[in-house]
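Asker: If you scroll down you'll find the structure; I have some questions about it.
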Amino acid sequence: MYLGLAIMAIGLVGASFCNTITGLIATQGAMYGLGSILLYLPSNLFIDEWFVQRKGMAYGIMFAGTGFSGTALRTWAIVLGVITLPVLHFVRPRLPPSAASALRPRDLGFLKRKSFFLFQIGNILQSLGVFIPSLWMPTFALSLGLPSFAGPLSLAFYNGASSVGVIIGGHMSDRFHVSTVILTSTIGCMIASLISWGLTSGQAMLYLFAILWGTFAGMYNATYSGCAKTLS
Numbered sequence: 108m109y110l111g112l113a114i115m116a117i118g119l120v121g122a123s124f125c126n127t128i129t130g131l132i133a134t135q136g137a138m139y140g141l142g143s144i145l146l147y148l149p150s151n152l153f154i155d156e157w158f159v160q161r162k163g164m165a166y167g168i169m170f171a172g173t174g175f176s177g178t179a180l181r182t183w184a185i186v187l188g189v190i191t192l193p194v195l196h197f198v199r200p201r202l203p204p205s206a207a208s209a210l211r212p213r214d215l216g217f218l219k220r221k222s223f224f225l226f227q228i229g230n231i232l233q234s235l236g237v238f239i240p241s242l243w244m245p246t247f248a249l250s251l252g253l254p255s256f257a258g259p260l261s262l263a264f265y266n267g268a269s270s271v272g273v274i275i276g277g278h279m280s281d282r283f284h285v286s287t288v289i290l291t292s293t294i295g296c297m298i299a300s301l302i303s304w305g306l307t308s309g310q311a312m313l314y315l316f317a318i319l320w321g322t323f324a325g326m327y328n329a330t331y332s333g334c335a336k337t338l339s
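Next comes the structure, spelled out in structure tokens:
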């Protein structure tokens, strides 16, 4: 986990100095992605052990940091190192690992359930579309003749709103069935894309779309714990 944190911080700092697509892919893409795997995957397992009633909220708060990281790369790299490094010492499983559990065969019974494939197919289809607006917002802003800061500012609004949305989605997944949260996220994104995005002609509507899309699209990321609870 310490290695993953170091790789993520270096990747963010490197990305903030990049001015080419290749550099961004190597730093914020490959380096940050590799570090995230080393840091987040153990954290996901530990949260699943520690939380029962408010598991969705716990995951939502954890995923909220992903949105804030997109507002300022260099600043977030410093925050990531200063805040995360001290608390990593306290990140540990609720139950100590045992030799018996390590040798226990994996339960792959979920592969026989239709609900698993329905959730997985839905997750793949959602992922194909949810990131498209964030990728095209800067280009779209330039095509409208908006100031050069409008594109990056809309991305900052999007990332900030997604941090709020994922917490809301996590709280909802603790109180309602996961299908209700998914439906709310889908309808919200649909309204945002049809009205705000389709009628955008100035900065105000672009920022409104970024906030709406970020909020409702962010909610979907918090449904993973609800899907897992339905399958268990």
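Residue numbering for the sequence shown follows this note's numbering, beginning at 108 and increasing consecutively.
No residue lacks a Cβ here, since even glycine has one placed at the ideal position from N, Cα and C.
Note that the structure is predicted; figures quoted are calculated from it, not measured.
Does the structure place the stretch 135-147 close enough to the stretch 240-254 that three or more beta carbon pairs sit under 8 Å?
Answerer: Taking 8 Å as the limit for Cβ pairs, the verdict is that the stretch 135-147 does not touch the stretch 240-254.
Asker: With C-beta atoms as the reference, is alanine 268 less than 8 Å away from glycine 305?
Answerer: Against the sequence shown, residue 268 aligns to sequence position 161. Against the sequence shown, residue 305 aligns to sequence position 198. Contact: no.
Asker: Do valine 273 and cysteine 334 have their C-beta atoms closer together than 8 Å?
Answerer: Stepping through the sequence shown from its first residue, residue 273 is reached at position 166. Stepping through the sequence shown from its first residue, residue 334 is reached at position 227. No.
Asker: Starting from the Cα of glycine 321, find the closest Cα among Ser332, Leu242, Pro149 and Arg161 and give me that residue.
Answerer: As a first step, residue 321 must be located in the sequence shown, where it is residue number 214. It is Leu242 whose Cα lies nearest to the Cα of glycine 321.
Asker: Return the Cβ separation of tryptophan 157 and arginine 213 in integer angstroms, given the expectation that the two are a contact with Cβ distance under 8 Å.
Answerer: Translated into positions along the sequence shown, residue 157 becomes position 50. Translated into positions along the sequence shown, residue 213 becomes position 106. Between arginine 213 and tryptophan 157 the Cβ distance is about 22 Å, and since that is not below 8 Å, they are no contact.
Asker: Quick check: what's the CA-CA separation for serine 234 versus glycine 309?
Answerer: As a working note, residue 234 is residue 127 in the sequence shown. As a working note, residue 309 is residue 202 in the sequence shown. Cα to Cα, serine 234 sits roughly 28 Å from glycine 309.
Asker: For tyrosine 246, report the span of its alpha helix (DSSP H) as first-last.
Answerer: Counting from 1 along the sequence shown, the entry for residue 246 is found at position 139. The residue asked about is misnamed: residue 246 is threonine in this sequence, not tyrosine. Per DSSP, threonine 246 belongs to the alpha helix (DSSP H) from 239-250.
Asker: Check the Cβ-Cβ distances between isoleucine 185 and every residue of chain D, and say whether any is below 8 Å.
Answerer: This model lacks chain D altogether, as it is built from one protein chain only.
Asker: Can proline 134 and glycine 121 be called in contact, C-beta distance under 8 Å?
Answerer: Along the sequence shown, one-based indexing puts residue 134 at 27. Along the sequence shown, one-based indexing puts residue 121 at 14. Here the sequence assigns threonine to residue 134, which means proline is not the residue at that position. Result yes, Cβ atoms of threonine 134 and glycine 121 sit closer than 8 Å.
Asker: Ordered along the chain, which non-local residues of its own chain (more than five positions away) have a Cβ less than 7 Å from that of serine 332?
Answerer: The count along the sequence shown starts at 1 and reaches residue 332 at position 225. Answer for serine 332: Lys162, Gly163, Tyr166 and Ser280, listed in chain order.
Asker: Which of helix, strand or coil does DSSP assign to histidine 196?
Answerer: Looking up residue 196 in the sequence shown gives position 89. Note: histidine 196 maps to helix in three-state DSSP.
Asker: Report all residues from its chain with a CB closer than 8 Å to the CB of glycine 258; omit the five preceding and five following residues, and keep chain order.
Answerer: Translated into positions along the sequence shown, residue 258 becomes position 151. Excluding sequence neighbours, glycine 258 sits near Met244, Pro245, Thr246, Phe247, Ala248 and Leu249.
Asker: Kindly indicate which three-state DSSP category leucine 315 falls into: helix, strand or coil?
Answerer: To locate residue 315, count along the sequence shown from 1; it is residue 208. Three-state result, leucine 315: helix.
Asker: Can you tell which of Gln227, Thr127, Arg220 and Phe217 has its C-alpha closest to the C-alpha of threonine 330?
Answerer: Here residue 330 is taken as the residue at index 223 of the sequence shown, counted from 1. Answer by Cα proximity: Gln227.
Asker: Label asparagine 126 either buried or exposed according to how many other C-beta atoms from any shown protein chain fall within 10 Å of its C-beta, with 16 as the threshold for buried.
Answerer: Within the sequence shown, residue 126 is the residue found at index 19, counting from 1. Looking at its Cβ environment, which holds fewer than 16 other Cβ atoms inside 10 Å, asparagine 126 is exposed.
Asker: Would you please state the rounded distance, in angstroms, between the beta carbons of isoleucine 114 and leucine 141? I believe it to be under 8 Å.
Answerer: As a working note, residue 114 is residue 7 in the sequence shown. As a working note, residue 141 is residue 34 in the sequence shown. Rounded, the Cβ-Cβ distance is 6 Å, consistent with contact.
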